[in-house]
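Chains as they are written, first to last, in numbering that gives the first Met the number 0: chain A, 0 to 381; chain B, 0 to 311. Every residue gets a Cβ at the ideal spot worked out from N, C-alpha and C, and that includes glycine. Computed from a prediction, not measured in an experiment: that's the story for all the values here. Please read the structure below before turning to the comments.
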Amino acid sequence: MRPDQGSVLPALEGRRVAVCVGAGGVGKTTVAAALALHRARLGGKALVCTIDPARRLANALGLRSLGNVESRVPEETFAEAGVRARGQLFAMMLDVKRTWDDLVARHAPDPARRDRILGNRLYRQMSSVLAGSQEYMAMEKLYELATDRDYDLIVLDTPPTAHALDFLEAPDRVLDFVGNDAARRVLAPALGVGRLGLRLAQMGGGYLAKVLARFTGEGVLEDLGEFLHNFQGMYEGFKERAAAVRALLARPEVGFVLVASPSHVSIDEAVALHGRLREEAIPVAGLVANRVTPDLWPGRAPLPDTGALAGPLVASGVRVAAAEDLAGRLARTLAENQAIAAAERAALDRLFEAISSPRVVVPRLESDVHDLAGLARLAERL
Amino acid sequence: MNPPSLLDRRLVVVTGKGGVGKSTVSAALALLASRAGKRVLVCEVGGQERVAPLLGAPRSGATTREARPGLFTVSVVPGAAMREYGVMVLRFRAVYDLVFENRLMRYFLGAVPGLAELVTIGKILHEVKMVEDGRPRWDLVILDAPATGHAVQLLRVPAALMDTVPAGPLRHDAEWMRAILEDPGRTGLVLVTLPEEMPVNEAIELDAQVRDLLAIPRAALFVNAMPEARFTLEEHRLLEPLEVDGEPLGPAARAATLQAARAESAARELARVRSAIDLPATVLPLLARAEWGPEAVDRIAAALATAAGEAA
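This is the structure we're talking about:
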C-alpha cells in the first residue's frame, strides 16, 4: 500500500458495525464486502449484509445467491482464490418482505392478529412497495444482527437510493404510516363500532372521507382501517424498537463509512450525507474515495510527446518502423490519463475540504472486482 | 407490425444502474429528437436534476422549462404531482385546497402506500396523454428513471395497484397508465449499462425483471463509455514489462496497459451483455474527460445519430 493514499482500516478497528453509505454506482457494495473480508482475514467473524436488490454481492463472493439468513463463504472459495483467512466470512441479502413479517410476528399479541395483518392487502403492498420500507428494514435487520448474534464485525451495505439520506428518515416515515394518529382519528368512529370493514357514512369528518374515497376507492379505506385497527397496541413496540436502532447508530462501536467516486454528483451526495449525519450526531469513521484515476506523472514537468517516447521504445527493442506510431498512442493515452486525474483531484479536494475523517484514495482497478482474490486486493488498498 | 424506431415513440423510459450515464443518454436522446423538429419533454424523478445542467441550462424545478429550442425539462416531485393530480381528480382547485390544505388529510394521503409513486408516474404519463389544439402536447416524453430497484418500484405501481385496489378512480387511473406503459406502439424502454462486470450483471437482471414483472416494451440496449481498442494484445504484452522503466516511458507504458486492460475487459463484457440481452445494442464511446456538460452530450448525441443511421 502506498502510504500517501491513507487508510480507513485503523479507524474501524474495534468497531462492531460498519455502515457503508454513498451514491449509487460508486462501488459501495464491493467496499463493504472488502471491509468484512479484511476482518475475517485477521481472525474475526465478519458478516456483510447487502440490501441491494440487484444481488451484486453474491457475484463478488462467488456465492450462487444470498438469502435473508447469513451464509458462510466456503473455505474452498478462499482456497481457490489463494486467500487465507484465520476467521470466518458470512454474507446475506436482506429480504424486505420477510423482515417485515418477522417484525410483525414479534410484536403481534397473538397469532390471529399476526395473520390478519400479514393477510391485509395494504400491508402486503406496504412491505414491498412503500418507499423507505427497504431502508427501514435494513436498519431493523442490522439491529437484530448486532444484538442477537456474535459477529465481531457486521458491515451493512445501504441501498442505491436517490437520496442517500433515506435510511435515516425512512423509519419515521414508515412509523408515521403504521402509527398515524391523524388517520386513526378519522377512522376512529368506524373502528369504534368494532367492525373491520368501515362505512364511510359513519366516519367523523364524513365529507373528507367521501372526497378521499373518490381518490382511492372505498375498499382502500376499508383496508387501511383494518390495517390501523390491527396495528393498534403494536405501535409502541415498533417505536421503541426504532428508537433503539437510532441509538445503536450513534454508539461508538458503530462506524459510518462514506464511499464516493470522484464525480461531482457522487461528491455532492457525500458532502450532503456527511452534513446530515453530523446533524444526527452520528460520526463518520472513514471516507473512501473510490475508483480514482492514478496520477502517473506527478510534478510539473511537461508531458512527454511522441518524440520523447519513440527513442526509449526503440531502445527496449521495438522496431523503428513501429515505434513512432506506438509512441504517439502512448503519449495520447498518458495525456488523457493525466487530464482525468487532474479533474478528479480537483473534485476530491472539495470532498476532503468538507470532510476531515480518516480517508483513503483507492485507484481504479485494472479489472473489475468480481471474486474473492479481487476483494482481498481491494481490502489491502483500504 | 414492426415496432416504431425509438424516437418515434411517445414515451421512452431510460433505466439502468446508478452511475451508468442515464441522464447523459436521456439528454442526448432529447437533443436528437428536438433537432429532428420534435417537441420533447424530459422528466426526472427523485429531486436531483441533472439533464438541464448537462445541457447548459438552469434547473427547471417542478415547472416545465425550455432548456433548448423544443426541448423541455421538468423535475417530478411527489408533492407537486400530488397537487396536480388532486386538482385533476377533484376538478376544482377550490375543492382541492379545501381538502388538501387540511393537514389531517395530507397526512392521510401520505399514508396510502404507493400513492407518491402513483402520482409521480401518473404526472409523467399524463404529459404523454395530453392533447393541445388537436395534437399531442409532446411528440416525445423521455423518463430519466431512477436507479434499478427504484425504477422497477415506480414502473410497477400501476400494475400493482390493479392487483390491490378495487374499482374506483384510483383503479381507473392505474388502468390507463398501464395501457400506455405496455403499448409497444407508444412506449419503449431503454436499458443503459457500462461494459463492466457488475453493471452488466445488473443490466441482465433488470432486463429479466422488465420482462417478468413490468411488461413494458423493451426497445434498446445502450452500452455507454466503451473504451477505444487502442492497443493490440501483442502491444499490451510488450508494454507491460516497460512499466518499471523510468520517466518518460514507464509512466506512459503504465497508462497504456491500464487503458488496454480496461478496453479488453470492456470488450468481453460487451460480448457478454450482447449475448444475454436480445435487444439491438448501441455502443457509445468513453469520453476522455472527467466532467460532463453540453459538449459531452453533443458527442454522445452524435454517436447515437451515427448508430441510428447504421441501423437504418
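Quick one: does B:Lys-16 have its CB under 7 Å from some CB of chain A?
Within the second sequence, residue 16 of chain B is the residue found at index 17, counting from 1. Yes, because at least one Cβ of chain A sits closer than 7 Å to the Cβ of B:Lys-16.
Taking only three categories from DSSP, how would you classify A:Ser-265?
Mapped onto the first sequence, residue 265 of chain A falls at position 266. DSSP places A:Ser-265 in helix when its eight states are reduced to three.
Closer than 8 Å by beta-carbon distance: list the chain A residues that pair up with B:Ala-255, in chain order.
Sequence index remark: in the second sequence, residue 255 of chain B carries index 256 (1-based). Result: Arg-328, Leu-329, Thr-332 and Leu-333.
CA nearest to the CA of A:Gly-23, picked from A:Glu-268, A:Ala-78, A:Ala-242 and A:Gln-133:
Residue numbering aside, residue 23 of chain A sits at position 24 when the first sequence is read from its first letter. Checked all of A:Glu-268, A:Ala-78, A:Ala-242 and A:Gln-133; the closest Cα to A:Gly-23 is A:Glu-268.
Return the chain-ordered list of same chain residues with a C-beta closer than 6 Å to the C-beta of B:Gly-187, the five sequence neighbours on each side being excluded.
As a position in the second sequence, residue 187 of chain B is number 188, starting the count at 1. The residues are Leu-5, Arg-8, Val-11, Pro-216 and Ala-218.
Segment contact flag, the stretch 250-265 of chain A with the stretch 340-348 of chain A, C-beta cutoff 8 Å, min 3 pairs:
yes
How many Å lie between A:Arg-63 and A:Ala-57 at the Cα?
Along the first sequence, read from residue 1 onward, the residue named residue 63 of chain A stands at position 64. Along the first sequence, read from residue 1 onward, the residue named residue 57 of chain A stands at position 58. Looking at the two C-alpha atoms, the distance is approximately 6 Å.
Spatial neighbours of B:Val-343 in its chain, beta-carbon cut-off 6 Å, leaving aside the 5 residues before and after
With chain B covering 0 to 311 only, the question about residue 343 of chain B has no answer from this structure.
In chain A, which residues lie with their C-beta within 8 Å of the C-beta of B:Ala-287?
Within the second sequence, residue 287 of chain B is the residue found at index 288, counting from 1. Under the 8 Å cutoff, chain A gives Glu-335, Ala-338 and Ile-339.
Terminal residues of the beta strand (DSSP E) in which A:Met-92 lies
As a first step, residue 92 of chain A is located in the first sequence; it is residue number 93 there, counting from the start. A:Met-92 -> beta strand (DSSP E) spans 87-92.
For A:Ala-271 and B:Leu-237, I'd like the C-alpha separation in whole angstroms.
Here residue 271 of chain A refers to the residue found at position 272 of the first sequence. Here residue 237 of chain B refers to the residue found at position 238 of the second sequence. Near 46 Å, if we compare the C-alpha coordinates of B:Leu-237 and A:Ala-271.
Count the other C-beta atoms from every protein chain shown that fall within 10 angstroms of the C-beta of A:Asp-147, then say buried if there are 16 or more, exposed otherwise.
In the first sequence, counting from the first residue as 1, residue 147 of chain A sits at position 148. The residue in question, A:Asp-147, is exposed, as its Cβ has fewer than 16 Cβ neighbours within 10 Å.
Given B:Leu-153, which residues of its chain have a CB within under 8 Å of its CB, disregarding the five upstream and five downstream residues?
Numbered from its first residue, the second sequence carries residue 153 of chain B at position 154. So the qualifying residues of the chain are Val-44, Glu-116, Thr-119, Ile-120, Ala-144 and Pro-145.
For A:Trp-296, which residues in chain B fall below 7 Å Cβ to Cβ?
In the first sequence, the residue the question calls residue 296 of chain A occupies position 297. By Cβ distance, chain B contributes Pro-250.
Contacting residues, own chain, Cβ-Cβ under 8 Å from A:Gln-337 (five flanking each side not counted)
Against the first sequence, residue 337 of chain A aligns to sequence position 338. Excluding residues within five positions, the ones whose Cβ falls inside 8 Å are Asp-294, Leu-295, Trp-296 and Leu-302.
How would you list, in chain order, the residues of chain B whose beta-carbon sits under 8 Å from the beta-carbon of A:Ser-315?
Within the first sequence, the letter at position 316 stands for residue 315 of chain A. Here the neighbours are Leu-241, Asp-244 and Leu-248.
Cut-off 7 Å between Cβ atoms - residues of its own chain near A:Arg-1, not counting five sequence neighbours on either side:
Here the question's residue 1 of chain A lines up with position 2 in the first sequence. Residue placement at A:Arg-1 is poorly supported in this model, since its pLDDT is 43, which falls under 50; the coordinates still yield a value, given next. Taken in chain order, the list of residues that qualify is empty.
Figure out for me which residue from B:Val-151, B:Glu-174 and B:Pro-168 has the closest Cα to the Cα of B:Met-161.
The sequence position of residue 161 of chain B within the second sequence is 162, counting from 1. Ranking B:Val-151, B:Glu-174 and B:Pro-168 by Cα distance to B:Met-161 puts B:Glu-174 first.
Please determine, among A:Arg-331, A:Val-283 and A:Ala-241, the residue with the shortest C-alpha to C-alpha distance to B:Ala-254.
Residue numbering aside, residue 254 of chain B sits at position 255 when the second sequence is read from its first letter. The shortest Cα separation from B:Ala-254 among A:Arg-331, A:Val-283 and A:Ala-241 belongs to A:Arg-331.
Residues sharing a beta bridge with A:Arg-71, DSSP:
Taking the first sequence and counting its residues from 1, one reaches residue 71 of chain A at position 72. Answer by DSSP bridge pairing, in chain order: A:Phe-89.
Quick check: the stretch 314-330 of chain A against the stretch 248-257 of chain A, are there 3 or more CB pairs under 8 Å?
no
What did DSSP end up calling B:Val-296 once you bin it into helix, strand or coil?
The residue labelled residue 296 of chain B in the question sits at position 297 within the second sequence. B:Val-296: helix per DSSP, three-state reduction.
Does the beta carbon of B:Arg-229 come closer than 7 Å to any beta carbon on chain A?
By 1-based counting over the second sequence, the position of residue 229 of chain B is 230. It does; some Cβ of chain A falls within 7 Å.
Taking the C-alpha atoms as reference points, what is the distance between B:Ala-295 and B:Leu-286?
As a working mapping, residue 295 of chain B is identified with position 296 in the second sequence. As a working mapping, residue 286 of chain B is identified with position 287 in the second sequence. Between B:Ala-295 and B:Leu-286, the C-alpha separation is close to 7 Å.
Buried or exposed: B:Ser-274, going by 16 or more other Cβ atoms within 10 Å of its Cβ?
Looking up residue 274 of chain B in the second sequence gives position 275. Its Cβ having fewer than 16 others within 10 Å, B:Ser-274 is exposed.
What are the boundary residues of the alpha helix (DSSP H) that A:Lys-44 is part of?
Along the first sequence, read from residue 1 onward, the residue named residue 44 of chain A stands at position 45. No alpha helix (DSSP H) holds A:Lys-44; the beta strand (DSSP E) holding it covers 44-49.
Does any C-beta atom of chain A lie closer than 7 Å to the C-beta of B:Ala-214?
Here residue 214 of chain B refers to the residue found at position 215 when the second sequence is read from its first residue. Not closer than 7 Å to any Cβ of chain A, the Cβ of B:Ala-214 fails to qualify, so no.
Could you have a look at A:Pro-362 and say whether DSSP puts it in helix, strand or coil?
By 1-based counting over the first sequence, the position of residue 362 of chain A is 363. A:Pro-362 falls in the strand class under three-state DSSP.
Taking a cut of 8 Å between CB atoms, which residues from the stretch 256-269 of chain A lie near chain B?
Ser-260, Pro-261, Ser-262, His-263, Val-264 and Ser-265
Can you have a look at B:Leu-232 and say buried or exposed, based on whether 16 or more other CB atoms are within 10 angstroms of its CB?
Counting from one through the second sequence, the residue named residue 232 of chain B turns up at place 233. The residue is exposed, with fewer than 16 neighbouring Cβ atoms inside 10 Å.
Anything in the stretch 11-41 of chain B with a Cβ closer than 8 Å to a Cβ of chain A? List those residues in chain order, please.
Lys-16, Gly-17, Gly-18 and Val-19
Please name the residue, chosen from A:Glu-379, A:Arg-363, A:Cys-19 and A:Ile-354, that lies closest to A:Thr-157 on a Cα-to-Cα basis.
Numbered from 1 along the first sequence, position 158 holds the residue referred to as residue 157 of chain A. Among A:Glu-379, A:Arg-363, A:Cys-19 and A:Ile-354, the Cα nearest to that of A:Thr-157 belongs to A:Cys-19.
Mind listing the chain B neighbours of A:Pro-9? Cutoff is C-beta to C-beta under 7 Å, in chain order.
For the purposes of this step, residue 9 of chain A is taken as the residue at position 10 of the first sequence. Within chain B, no residue comes near A:Pro-9; the closest Cβ sits about 28 Å away, beyond 7 Å.
How about B:Leu-70 and B:Val-39: do their beta carbons lie closer than 7 Å?
To locate residue 70 of chain B, count along the second sequence from 1; it is residue 71. To locate residue 39 of chain B, count along the second sequence from 1; it is residue 40. Yes. Within cutoff.
6 Å Cβ shell around A:Phe-89 - same chain, five flanking residues per side excluded
As a working note, residue 89 of chain A is residue 90 in the first sequence. Within the same chain, A:Phe-89 has close Cβ partners Leu-46, Glu-69 and Arg-71.
Using the DSSP secondary-structure output, state which residues sit across from B:Ser-74 in a beta bridge.
To locate residue 74 of chain B, count along the second sequence from 1; it is residue 75. B:Glu-43.
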